[in-house]
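Engineer:
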Amino acid sequence: MRRAYFKTSWIAAALVAPQLLIIFVFFYWPSAQAVYWAFTLEQPWGGGNTWVGLQNFRNILSDPYYWNSVRASFLFAFGSTALAMGMALILALFADRQLRGYKAYRLAVIWPYAIAAPAVGLAFRFIFAPGAGLFSYLNTLYPGLWDPSVSGTQALLMVTIAGAWKLVSYNFIFFLAALQSIPRSLTEAAAMDGASVMRRMRDIQLPLMAPTFFFILVINITDSFTDSFGIVDTLTGGGPARATDLMVYKIYSDGFRGFDYSGAAAQSIILMGLVIALTFVQFRYVERRVHYT
Amino acid sequence: MIERTPMLNVLTHLILLMGVAIMAVPLWLAFVAATHDLTTVNTAPVEVWPGPHLRENMTEAWVRSDFGTKFVNTFIVAIGVVAGKILLAAITAFSIVFFDYRGRMLIFWLIFITLMLPLEVRIVPTYAVAANALQPFQVIMDWTGISWLIRTLTGIEVTLNWNLLNSYTGLILPLVATATGTFLYRQFFMTIPDELVEAAKMDGAGPLRFLRDILIPLSVTNMAALATIMFVYSWNQYLWPLLIITDRANYGLVVVELSDLIPDQLTTGGGTPTWHLAMAATLMVMVPPILVVILMQRWFVRGLINTDK
Chain X
551 MRRAYFKTSW
561 IAAALVAPQL
571 LIIFVFFYWP
581 SAQAVYWAFT
591 LEQPWGGGNT
601 WVGLQNFRNI
611 LSDPYYWNSV
621 RASFLFAFGS
631 TALAMGMALI
641 LALFADRQLR
651 GYKAYRLAVI
661 WPYAIAAPAV
671 GLAFRFIFAP
681 GAGLFSYLNT
691 LYPGLWDPSV
701 SGTQALLMVT
711 IAGAWKLVSY
721 NFIFFLAALQ
731 SIPRSLTEAA
741 AMDGASVMRR
751 MRDIQLPLMA
761 PTFFFILVIN
771 ITDSFTDSFG
781 IVDTLTGGGP
791 ARATDLMVYK
801 IYSDGFRGFD
811 YSGAAAQSII
821 LMGLVIALTF
831 VQFRYVERRV
841 HYT
Chain C
145 MIERTPMLNV
155 LTHLILLMGV
165 AIMAVPLWLA
175 FVAATHDLTT
185 VNTAPVEVWP
195 GPHLRENMTE
205 AWVRSDFGTK
215 FVNTFIVAIG
225 VVAGKILLAA
235 ITAFSIVFFD
245 YRGRMLIFWL
255 IFITLMLPLE
265 VRIVPTYAVA
275 ANALQPFQVI
285 MDWTGISWLI
295 RTLTGIEVTL
305 NWNLLNSYTG
315 LILPLVATAT
325 GTFLYRQFFM
335 TIPDELVEAA
345 KMDGAGPLRF
355 LRDILIPLSV
365 TNMAALATIM
375 FVYSWNQYLW
385 PLLIITDRAN
395 YGLVVVELSD
405 LIPDQLTTGG
415 GTPTWHLAMA
425 ATLMVMVPPI
435 LVVILMQRWF
445 VRGLINTDK
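Chains as they are written, first to last, in the working numbering: chain X, 551 to 843; chain C, 145 to 453.
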């Protein structure tokens with residue numbers, strides 16, 4: 551707490567009121583509503599709710615389509631996180647050597663952050679289009695070899711690559727910032743002791759980056775679970791045959807196309823639980839981060 | 145930098161160039177596709193050099209999607225979110241940091257928790273709220289018996305209704321309802337020395353005067369950082385506007401328009417996919433946030449790193 555502060559409490563109250571009002575209406579109320587819906591059965595256009603206890607969850611957990619969506623989400627989340635983190639880490643480590651052209655390299659990796667998910671989805675849809683894109687050449691050699699609108703595996707792979715591509719810039723920014731917060735004197739001392747560039751990366755830079763690494767790991771996984779809608783919707787629309795029906799996409803299609811509010815709410819609750827669990831993991835590491843730096 | 149490593153330097157450049165290529169090739173191919181006509185785009189193998197049709201493709205995509213109104217709308221929403229977020233973040237953080245009252249920490253935590261659940265996760269009930277933003281209060285009044293009291297006393301049936309579907313307010317408000325900016329401001333306000341507050345008080349400045357004349361001018365870089373990331377964030381919104389805007393002709397946003405340009409069975413009716421138009425539109429939609437990131441790179445990087453703790 552500060553030593554010096556103001557006392558006019560009505561001003562203080564007036565200043566926090568707008569934000570509290572907004573988060574009440576658009577955050578707490580809907581979140582509570584989701585919980586309420588998850589335990590009741592609601593008719594989409596009014597007509598009252600009936601308490602059904604855990605029935606909605608039982609329905610979902612016994613639905614093979616739901617488990618299919620969970621499986622696809624996990625594959626997508628871990629696949630795109632691994633790809634994006636691996637690539638961003640390597641690029642950051644080498645960019646941090648600050649050779650000639652460093653600024654140009656940095657900008658070239660950073661600016662794709664600004665691209666909207668649906669734009670990424672659409673661009674990748676073109677690139678992976680069986681008749682027009684990058685792989686169309688393969689299809690002229692072996693017709694039908696590449697067609698993500700038929701093969702579920704290829705579709706999921708395509709979504710994962712697009713998702714990873716979108717995350718690289720973000721990760722790169724954080725990794726580079728972490729590398730640059732390592733004191734130069736440390737690297738220089740190691741160099742004096744005869745440690746080569748690669749050795750310094752392995753024994754000094756990587757261990758000191760560990761906190762940022764864990765932070766990014768959790769953020770990426772959370773992001774992949776929650777923020778995949780734009781890519782999936784423009785890239786595959788959940789298909790073929792639900793191969794890319796990720797959890798967020800299924801909530802959307804069950805809720806707004808199927809008008810199954812209770813089912814969508816129960817799925818939201820499960821996803822919320824997952825995200826909250828991940829956030830708690832993150833807090834543990836954020837605390838460790840403080841000790842490192 | 146410290147030692148001479150010619151071999152490793154070549155390797156470093158190779159790795160970095162490969163990374164840049166991976167980041168740039170998808171966009172380059174999208175750009176090239178936007179410069180060719182329908183038949184060239186759809187002949188394998190994929191074109192790698194630009195053709196002569198960029199201008200006409202862009203014009204056609206622009207006209208077909210009616211981008212004029214939609215760009216204006218997107219700008220309105222983006223600027224609304226940026227301004228709303230900065231204002232709310234500044235005053236809320238100011239109240240939490242520079243006042244002492246009971247419940248201060250409770251409010252802090254109430255706001256902090258909103259960081260945990262993104263809009264996508266609670267999308268269905270948030271949509272229900274947008275259909276009537278006063279519904280929470282209605283329910284509370286019904287539950288507590290206030291509506292009953294008013295009805296018996298005055299005979300007026302209380303029905304609160306504020307529909308946010310198909311409106312700028314509906315697009316902006318839910319995007320403002322998160323804590324990102326508040327924390328950036330809180331962190332910054334924590335670094336303001338006590339002496340500055342004491343001096344201002346000694347000179348007779350009240351809290352609002354202190355906020356306006358001292359804190360706001362000091363936080364300009366903070367504002368720039370927050371503005372860049374919020375601009376990119378709101379420009380790129382997709383799911384929310386897709387849901388609440390059904391009147392696309394008047395309130396449509398450019399990013400949402402991309403979903404109508406997907407050349408699949410629905411849009412081409414089994415004809416040749418119009419990739420050249422889809423890519424031309426994609427390019428146009430990308431430009432404003434990319435410009436913001438490139439031109440305000442320094443603030444953008446700072447904002448990104450500081451808001452995410």
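All C-beta atoms, glycine included, are put in the ideal place defined by N, C-alpha and C.
Computed from a predicted structure; not experimentally measured.
#1: Step through the CB atoms of chain C and report whether any lies within less than 8 Å of the CB of MET822(X).
#2: If you check the beta carbons only, do ILE240(C) and PHE256(C) fall under 8 Å apart?
#3: Closer than 8 Å, CB to CB, is TYR312(C) near chain X or not?
#4: Take every Cβ of the region 661-678 of chain X, pair it with every Cβ of the region 799-816 of chain X, and state whether three or more of those distances are shorter than 8 Å.
#5: Which whole-angstrom value describes the C-beta separation of GLU401(C) and LYS214(C), a residue pair presumed to lie in contact below a C-beta threshold of 8 Å?
#6: So, using beta-carbon positions, are SER526(X) and VAL659(X) closer together than 8 Å?
#7: Tell me, which residues are paired with TRP601(X) by DSSP?
#8: With distances taken from CA atoms, which of ASN394(C), VAL376(C) and TRP193(C) is nearest LEU439(C)?
#9: Is there a C-beta anywhere in chain C that falls below 8 Å from the one on ASN721(X)?
#10: Starting from MET742(X) and walking both ways along the alpha helix (DSSP H), at which residues does that stretch end?
#11: Look up PHE809(X) in the DSSP assignment and say whether it is helix, strand or coil.
#12: Could you say which of PHE556(X), ALA588(X), PHE830(X) and PHE574(X) lies nearest to PHE765(X) if we only look at CA atoms?
#13: Drop a sphere of 10 angstroms on the beta-carbon of THR156(C), count the other beta-carbons inside from all chains shown, and report buried for 16 or more, exposed for fewer.
#14: On a CA-only basis, which of ARG246(C), MET167(C), ALA371(C) and GLY314(C) is nearest ALA275(C)? Give me that one, please.
#15: Going by DSSP in three states, PHE175(C) sits in which element: helix, strand or coil?
#16: At the 8 Å Cβ level, is LEU633(X) part of the contact set with chain C, yes or no?
#17: So if I threshold CB-CB distances at 8 Å, which residues from the region 638-660 of chain X count as touching chain C?
#18: Can you name the residues of chain C whose CB is closer than 7 Å to the CB of SER818(X)?
#19: Only counting runs of 4 or more residues, tell me where the alpha helix (DSSP H) segments fall wholly within the region 314-387 of chain C, in order along the chain.
#20: Let me make sure I understand the geometry here. Which of ASP338(C), GLU342(C), SER378(C) and SER311(C) has the alpha-carbon closest to that of THR390(C)?
#21: Going by the DSSP bridge assignment, what does PHE556(X) pair with across the sheet?
#22: Please state whether DSSP places GLU147(C) in a helix, a strand or coil.
#23: Do you know offhand how far PHE211(C)'s Cα is from PRO433(C)'s?
#24: Taking only runs of the alpha helix (DSSP H) that begin and end inside the region 263-289 of chain C, which ones reach a length of at least 4 residues, in chain order?
#25: Under 8 Å by Cβ, that's how I've got THR776(X) and VAL265(C) pegged, so tell me the actual separation to the nearest angstrom.
#26: Along chain X, which residues have their Cβ under 9 Å away from the Cβ of ILE449(C)?
#27: Can you tell me whether GLY636(X) is helix, strand or coil according to DSSP?
#28: Whose CA, out of LEU319(C), GLY163(C), VAL154(C) and TRP193(C), lies closest to the CA of LEU173(C)?
#29: Spatial neighbours of LEU684(X) within its chain, please: CB distance less than 6 Å, with the 5 preceding and 5 following residues excluded, ordered by chain position.
#30: When the cut-off is 8 Å and only beta carbons count, does THR829(X) lie next to chain C?
#31: Output needed for ALA205(C): all residues of its chain with C-beta closer than 6 Å, excluding positions within five of it in sequence on either side, in chain order.
#32: Can you give me, in chain order, the residues of the region 174-186 of chain C that have a beta carbon less than 7 Å from any beta carbon in chain X?
#33: Which residues in chain C have a C-beta closer than 8 Å to the C-beta of TRP617(X)? List them in chain order.
#34: What separation, rounded to the nearest whole angstrom, lies between the Cα atoms of ILE771(X) and PHE628(X)?
#35: Which of the three DSSP states is assigned to MET167(C) in this structure?
#36: Nearest to PHE242(C) by alpha carbon, out of VAL436(C), ALA272(C), LEU352(C) and LEU362(C)?
Structural biologist: On the basis of the coordinates in this document:
#1: yes
#2: no
#3: no
#4: no
#5: 6 Å
#6: For chain X, the structure presents residues 551 to 843; residue 526(X) sits outside this window and is missing.
#7: THR590(X)
#8: VAL376(C)
#9: no
#10: 734-742
#11: coil
#12: PHE830(X)
#13: buried
#14: GLY314(C)
#15: helix
#16: no
#17: ILE640, LEU641, PHE644, ALA645, ARG647, GLN648, LEU649, GLY651, TYR655, LEU657, ALA658, VAL659 and ILE660
#18: VAL265, ARG266 and VAL268
#19: 324-334, 338-346, 351-354 and 364-379
#20: SER311(C)
#21: PHE243(C)
#22: coil
#23: 16 Å
#24: 267-275 and 279-288
#25: 6 Å
#26: ILE723, PHE724 and ALA727
#27: helix
#28: TRP193(C)
#29: ILE677
#30: yes
#31: LEU421, ALA424 and ALA425
#32: ALA174, ALA177, VAL185 and ASN186
#33: Per Cβ cutoff of 8 Å: no residues; TRP617(X) is ~19 Å from chain C at best.
#34: 7 Å
#35: helix
#36: LEU352(C)
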